[in-house]
Every structure is written in C-alpha cells, then in structure tokens.
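In the working numbering, the protein residues as written are 52 to 690.
As structure tokens, this is what we get:
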C-alpha cells in the first residue's frame, strides 16, 4: 500500500462491480491543500460537446486518516474539501458506467472500458504533478489494454503512471477477455485488441491491413526511415450489433464498429463494411499527428470545465478525413476506381446539405459544440459537416497545388510538422525529406509540451511557401464562404470524370427517411426549399400511402409514379396517345395519430439531389502524359 501512495496523486480503480455497472474509485492526495478542490471534466478532447460526466459520479466521501472531512459541492462537477494538516486526503466515490460509446465508461460482466475523464477527479493545483493509477477487482481471465506506461517498481499488480493529469486522461483502458494481436510498423510495436467479435473473424488479416495503413502514415510524416512520436500504439476496437465511431489519443485510439464489418476467415474480398472500418482506423491513426501533436492554438491548453472554441476543425478533422482514404489507395488496399467512388460519396454528401449555403465550414467548426454533436431534424438545413466539406476543401487545395506544379498538400502538412519539430515541440526523430526552413514566427508558441499550436495564418503561410503564391483568396471563398467548391472543375486535372445518377425518390422530394416493413416510412428530416417542404411534410410524419397505394419504403412508389398518364387526343401522325407524368402526387400521412392528406408537386421547387459518380477517364489519361504523371504522384505511396 505504501508503494501505491508514493505519488502526489493516486487513483485506485475497482472494477469488481460488473453487475451494477459501477467503478469504485479511491483517490489519494498526498499533502492536500487546506481547501482542496477537485472536479471532473465536462468533455473529452476530440469530441466537441459538453457531456456532463459528473452526472454519473455519486457517493463522494472524504477522509484524513479515520477522520471524515466535509465535502461541499461547488457546482455540477466541482467539490471542495476542508482539510487539516498534511495528512493524506482520501476520497471514495462511485461512477456508473453503462455507455458503450468511445467517449465515456462501460462495465458489465462481459467487458470493461473507461476514459479517465469519466473516472478520475482532477486535483486542482496538482495537474502538472505525477499521477498514478492502479486497477483492482478484475474478474478472472480478464486482461488489460492501454498505452499508459506501467509503473516501475510498483511490484505485482496492474499499476500505471502518467507525468501529469493531461497525460492521464489521454489514455483509455480496455478490460475483458478480448482478442489480442500485435505487429510492428517501422520497427515500433503496435497492439490491436478486439472485444465482442464473432468467432471466425480474420484477426490476422486485420493486423496485416492495419500494419500497411500505419506504415503509410509513418512514412507520410517522417520518411522511409522515420519513427513515430510514440514507443507503442494500441488500437481498442469494441464490436457491437450496430455502431460506428472513434476517438483519438496520443498513443492509442478507441473504436466502435459493427461486428459484421470485421473480415471473415476465408473471405478475400473487401466489402463496404470492412472498407469503412479500415477508413476509420486510418482516420484515427492520422490524428496521432494532426490534432494530438499539431492542434488548434486554442486547444494547446485544454480547459476541462467548459467549451473550448476553435474555427479550425475543418482542418484538423476535415483534412484528416481527406488523408484517411487517400492512405488506403496509397498503401494498395483499394484501387483508384474504388477511391474515386469514396471521393464522389463525400461530394454527394456535401451537395445533400442545404446548410452549406447557410454556414461556412469555419463557422461549423466553431458551432460544433451545439450543432454537429446535437443534431436534430433541422441539422441539414442549418449547418454543414466540417468533416465532409473540410475533406473537400483539402481535395481542392491538393488538386490546385498539383495542377500548378508547385507542390502538394502532403508537403503542406509535413511543412507544418517540420516547423514544429524545428522548435523542439515534437519528438519526431526524422524531419521530412526536403523540408525547408521557415521563420519561427510562422507558428504560435506552444503552451503544452509535445504539441504545437496552429492558426489559420500558419496554414496560409505553409500553403504560400509550398505553392509559391498566396492562397488567401481560396481560403476566404472555400473556408469562410458559402459558395460551391470547384471540385468538378478540378477533376480533369487528375483524369477523373463526373457523372450523375438519377436521385432516389426521397432525395428528389427532399426527404430523409427511416424505412422498414414493420416501422413503415417515417420522415426524419425535410430539406429546405424542397418539394416535401412545400407540400407541408414534417419530421415525424409517417407516409402511409402514395397515390392511394400503401407504402413501407418510399422508393416502391417510383414504380407507379413513373407510369405515364394518358393525354386526350393524338399528335398528328403519332401511333400512340401522348403521355405526361402526373403533376400532383397525393400523400396520406399519419401525424400524431391524425390522418392528413397532402399534395406534393415534384416539379415545384424540388430539391434535386443526384448521386455523383466519379470514374477514371483512362482514354483521356493516355492522351495526356502530364495528367497521368499527376495522378500517379497523387496516389503513390509516401516516400
């Protein structure tokens, strides 16, 4: 016990409460302040929403020796304890944990997981001192996965150490009887654990494919012989019936995905589900550099008590969303045709958001706290995703740089990293090949060791240095403006051609639905300026019938709506009566237990949302050697 209490701040986490989904935490504070204040974060870095973790904390008690100390709650997540003398202050409390997301904590008889932002009270005034954590009470046969360093000299047991509170809360823990595999990327150990997988999933293929992704990203940032800025990395994947998401950390990531998306033994193809999982793995791993080391200047020192605003999520999330799929084609997991389809999917998603005309992607970044993470029926009309539009901004900048022949977005990213390394802010072992020196004033001074604060001016500076001209006009239009991006105009630069498929009925009418044979056809969202909005459809409506026919999936109605309506009389010389589509569609809707009749006019202010298709223009490529060279350089593996 003496060894456990050697640190100024020590947490003992008891995971034996599997049936009650409760972690019991003992926090020991050596030499507490006379008025010791503790608090729990209200949000977790990388997920920009106040989540009120304190609502799951209960039963807080305080002792010095055997003497109980009064605990005063200051606000929803802060407590003050009156202490006497220098005797260690010991706090006991419980945390309810039954959230399977990557952001909080979970505990059951089958699995445990936690982020320390959910479990570990912040000891105010001690944040920069060493923090230790010990795990007890694990069920038999359970294992532990984390990138946090084991505590040296602590004897037997599960003891871990962090240099400060920020490091402590940047290391999640996975607990349970999970599958575990390992590989090395550029000579550095990587571990992959999978919880909840079906028997027969192909773990070795998952390791091989992830290794290729990791090696591509390491080469991207550090060159062929470089090393990443960590000594070990851990992927923690929780597979569920239906779910998707990830959260990045400095040397690990927590992922959640549908277990059906895992590769199966004996299956050689790359299905859409597994491709989505590989894209998620690539995205979170790229964040190791672009958000965990390079980060918005406003987030170099995190305030755990409230929102931390930045307008740069279009860069940190959007550019990461661009490079995540690009890495898949560069490391050979997908071909160019498959990659073109992924790009077209993102472009289609941007076009499907009327909110792109309302809000710039910089504004969307700032509003993430109350819009992106609090989506409702009006979200597509009021905002734009900084993920998808940010990735399209990255694409436009990259293709523009390559068209002008002065560089690429790869070089812009590596330049920002090299400038940080030059100032001693990174532990990158090798600077990117060919990186040029730049004024130290190009980057704002870091406030946190191991990170470099980036501003938009820094991004503009790197673009200017690589591209040989100012990109301020593009940043104003594409990042701060609400106009359309010139994606279609830039596609021929890389030998890509764009076409359109007809919109589905729901998209043509301006509807987003949930559909099924049991639930029926339920309206989730009505797009601004659409035929559905003009007809008076509302979120929550159940569409019962179209033109008098019962529907459970709206696209079924296309079969009879496409049937021509005869027009009286014949055209001179015509062998058949003229036809025309019906100008009005009769809808029968269930709205709050009332049956409502509506009329929709498909050709009146209809929102047309065709699905974009991007294909490889191989014929044009053969006739244009420069275009072929550009595409080859775009998709080649990092040097």
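Ideal Cβ positions, reconstructed from N, Cα and C, are used throughout, including at glycine. Small disclaimer: the values here were computed from a predicted structure and weren't measured.
- Between residue 385 and residue 410, the CB-CB gap reaches or exceeds 8 angstroms.
- The stretch 255 to 271 and the stretch 227 to 244 touch, with three or more beta-carbon pairs separated by less than 8 angstroms.
- DSSP places residue 216 in the helix class (H, G or I) of the three-state scheme.
- Ranking 456, 460, 437, 438 by CA distance to the CA of residue 447 puts 460 first.
- Burial check for residue 502: the Cβ neighbour count within 10 Å reaches 16 or more, so the residue is buried.
- Nearest to residue 587 by C-alpha distance, out of 365, 542, 636, 553, is 636.
- Residue 416 and residue 363 have their C-alpha atoms some 6 angstroms from each other.
- Separation of residue 393 and residue 376 (C-alpha to C-alpha, rounded to the nearest whole angstrom) is 8 angstroms.
- For residue 347, no alpha helix (DSSP H) run applies; the uninterrupted beta strand (DSSP E) run containing it begins and ends at 345 to 347, by DSSP.
- The Cβ-Cβ distance between residue 290 and residue 245 falls below 8 angstroms.
- Counting along the chain, residue 337 sits inside the alpha helix (DSSP H) bounded by residues 323 to 337.
- Between residue 196 and residue 100, the C-beta gap is not smaller than 8 angstroms, which leaves the two residues out of contact.
- Between residue 342 and residue 530, the C-beta spacing is not below 8 angstroms.
- With a cut-off of 8 angstroms on Cβ pairs, the stretch 261 to 275 is not in contact with the stretch 66 to 74, counting fewer than three such pairs.
- The beta carbon of residue 345 is closer than 7 angstroms to those of 467, 468, 471, 503, 505 in its chain, skipping five residues each way along the sequence.
- The beta carbons of residue 315 and residue 251 sit closer together than 8 angstroms.
- In the same chain as residue 136, and ignoring 5 residues on each side of it, the C-beta atoms closer than 8 angstroms to its own belong to 115, in chain order.
- Cα atoms of residue 200 and residue 607: separation of roughly 57 angstroms, rounded to the nearest angstrom.
- Residue 525: not part of any beta strand (DSSP E); member of the alpha helix (DSSP H) spanning 523 to 529, first to last residue.
- Between residue 74 and residue 165, the C-beta spacing is below 8 angstroms.
- A residue is called buried when at least 16 other Cβ atoms come within 10 angstroms of its Cβ; residue 332 meets this threshold and is buried.
- Three or more pairs of CB atoms, one per stretch, sit closer than 8 angstroms, so the stretch 80 to 97 contacts the stretch 137 to 144.
- Three or more pairs of CB atoms, one per stretch, sit closer than 8 angstroms, so the stretch 173 to 185 contacts the stretch 203 to 217.
- For residue 399, the three-state secondary structure derived from DSSP is helix.
- 464 is the residue among 282, 464, 559, 564 whose C-alpha sits nearest the C-alpha of residue 515.
- Annotation: residue 264 is outside any beta strand (DSSP E); the continuous alpha helix (DSSP H) that includes it extends over 254 to 273.
- For residue 579, the closest C-alpha among the options 353, 548, 433 is that of 433.
- According to the DSSP assignment, residue 299 belongs to the beta strand (DSSP E) that extends over 295 to 299.
- Residue range 108 to 115 is occupied by the beta strand (DSSP E) that includes residue 108.
- Annotation: residue 289 is outside any alpha helix (DSSP H); the continuous beta strand (DSSP E) that includes it extends over 283 to 291.
- Judged by their CB atoms, residue 381 and residue 688 are nearer to each other than the 8 angstroms cut-off.
- Residues 308, 312 of the same chain have their beta carbon placed closer than 6 angstroms to that of residue 328, with the five preceding and five following residues left out of the count.
- Residue burial annotation: residue 680 is exposed, with fewer than 16 other C-beta atoms found within 10 angstroms of its C-beta.
- Around residue 556, the same chain offers 605, 606, 609 as residues with beta carbons nearer than 6 angstroms, after the five sequence neighbours per side are excluded.
- Each residue's CA atom was taken as its position, placing residue 92 and residue 360 some 16 angstroms apart.
- Using a Cβ-Cβ distance cut-off of 8 angstroms, the stretch 585 to 599 and the stretch 569 to 576 are in contact, since at least three pairs of beta carbons, one from each stretch, lie closer than that value.
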